[in-house]
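S.K.: Okay, handing you the structure first.
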Amino acid sequence: MIVTGSERRISELCSSWRKEGLTVGLVPTMGALHEGHLSLVEIAAASSDRVVVSIFINPTQFGPGEDLEMYPRSIDDDCRAVEALGAFAVFTPDVNTVYPDDFSTEVHVAGVSQGLCGTARPGHFDGVATICTILFGIVKPDLAVFGMKDAQQLAVIRRMVTDLRLEIEIVAAPIVREPDGLAMSSRNKYLSAELREEASLIHGGLFAARQLALTGEKDCSLLRKAFIDHLRKAHMLSVQYAETVDPYTMLKIDKIENRVLLAVAVFAGTTRLIDNILIEPEV
Ligand code: PAF
127 MIVTGSERRI SELCSSWRKE GLTVGLVPTM GALHEGHLSL VEIAAASSDR
177 VVVSIFINPT QFGPGEDLEM YPRSIDDDCR AVEALGAFAV FTPDVNTVYP
227 DDFSTEVHVA GVSQGLCGTA RPGHFDGVAT ICTILFGIVK PDLAVFGMKD
277 AQQLAVIRRM VTDLRLEIEI VAAPIVREPD GLAMSSRNKY LSAELREEAS
327 LIHGGLFAAR QLALTGEKDC SLLRKAFIDH LRKAHMLSVQ YAETVDPYTM
377 LKIDKIENRV LLAVAVFAGT TRLIDNILIE PEV
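Numbering (our numbering), first residue to last: 127 to 409.
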């Protein structure tokens with residue numbers, strides 16, 4: 127497996143594969159890989175001939191006071207893990223390579239990037255859309271895999287790829303959960319044992335809301351309430367948002383007629399965790 131920070135090297139490598147008629151799958155990451163990320167690599171390996179994993183902690187998607195400096199780093203372990211799954215290359219550019227001094231572009235995807243994390247983290251999705259456009263331009267993948275835990279990110283990337291006619295298949299990977307239901311996240315490392323225990327209520331709350339919908343409840347305000355009520359058992363969790371939205375447009379939905387995504391952001395102490403669940407209407 128090739129590990130390189132050189133944009134030219136990775137771009138030439140991918141172009142040589144394409145000339146051989148091989149398809150390229152990209153898994154963009156910020157490193158500190160857990161089983162959720164590894165499932166993305168497995169999906170990419172099953173759907174393309176050559177998998178490239180990018181590892182880049184993208185500063186432009188972090189706001190002031192967020193965890194850019196302390197974001198966990200484990201590059202050697204990350205490389206070993208993705209190599210074992212059949213990745214052919216890991217792209218690890220440095221910040222100056224990605225954003226040279228005269229870099230002047232920002233990709234803004236309107237509509238779908240508003241609300242939810244877009245409100246809670248202003249500018250976040252501009253950073254995500256910009257870095258993904260850069261990575262897509264360097265690697266020129268046939269497909270790219272994104273996790274469904276970051277549902278709004280997935281929707282933003284899908285919208286962007288469609289609008290800009292990027293001819294990249296965006297593959298959505300299911301959320302991978304810990305045995306107690308907590309969605310895997312690099313930020314789970316920040317949690318103390320007490321917070322970690324309480325954090326598993328998030329998943330319980332999502333399932334309680336879905337259960338209510340399965341009994342025929344169509345009023346989304348009651349589903350959101352069921353989630354929030356479930357978390358009342360916790361002392362150290364505070365809900366930043368719990369919204370029912372369309373999974374593609376991220377527009378708010380008040381009544382279940384089609385599939386609805388219940389998307390939540392919860393602070394466990396100072397650590398912000400996001401999660402979601404798809405709710406299908408009873409037919
Ligand atoms: O989901 C992430 O880890 C990041 O937002 C991504 C897609 C790698 C862009 O930096």
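Every residue, glycine too, gets a C-beta built ideally from N, C-alpha and C.
Small disclaimer: the values here were computed from a predicted structure and weren't measured.
What do you reckon, is the C-beta of Pro155 under 7 angstroms from a heavy atom of the ligand PAF?
M.R.: Rather than Pro, the amino acid found at residue 155 in this sequence is Thr. Yes, the beta carbon of Thr155 sits closer than 7 angstroms to at least one heavy atom of the ligand PAF.
S.K.: Identify every run of the beta strand (DSSP E) within the segment 324 to 384, keeping only runs that are complete inside it and at least 3 residues long; order them along the chain.
M.R.: Here the runs fully enclosed are 363 to 371.
S.K.: Can you name the start and end residues of the alpha helix (DSSP H) that Leu164 belongs to?
M.R.: That run of the alpha helix (DSSP H) goes Glu161 to Ser173.
S.K.: Under 8 angstroms: do the segment 151 to 169 and the segment 197 to 210 share three or more Cβ pairs, one atom per stretch?
M.R.: Judged by Cβ distances under 8 angstroms, the segment 151 to 169 makes contact with the segment 197 to 210, as three or more pairs qualify.
S.K.: I need the straight-line Cα distance from Ile400 to Glu369, nearest angstrom please.
M.R.: When rounded, the distance between both Cα atoms is 12 angstroms.
S.K.: Can we count Cys243 as close to the ligand PAF, meaning its CB is less than 7 angstroms from some heavy atom?
M.R.: No, the ligand PAF has no heavy atom inside 7 angstroms of this Cβ.
S.K.: Starting from Val95, trace the beta strand (DSSP E) in both directions and tell me its first and last residue.
M.R.: The requested residue 95 does not occur in the structure, where the chain is confined to residues 127 to 409.
S.K.: Per DSSP, which residues does Leu139 bridge with? Please list them.
M.R.: Per DSSP, none; premise fails for Leu139.
S.K.: Could you tell me the alpha carbon to alpha carbon distance between His163 and Lys344, rounded to whole angstroms?
M.R.: Rounded to whole angstroms, His163 to Lys344 spans 34 angstroms at the Cα level.
S.K.: Under 8 angstroms by Cβ, that's how I've got Leu261 and Ser174 pegged, so tell me the actual separation to the nearest angstrom.
M.R.: Not confirmed; about 15 angstroms, so no contact.
S.K.: Applying the 10 Å Cβ sphere with the 16-neighbour rule, what's the burial state of Asp415?
M.R.: The structure shown does not extend to residue 415, since the chain spans only 127 to 409, so no value can be given for it.
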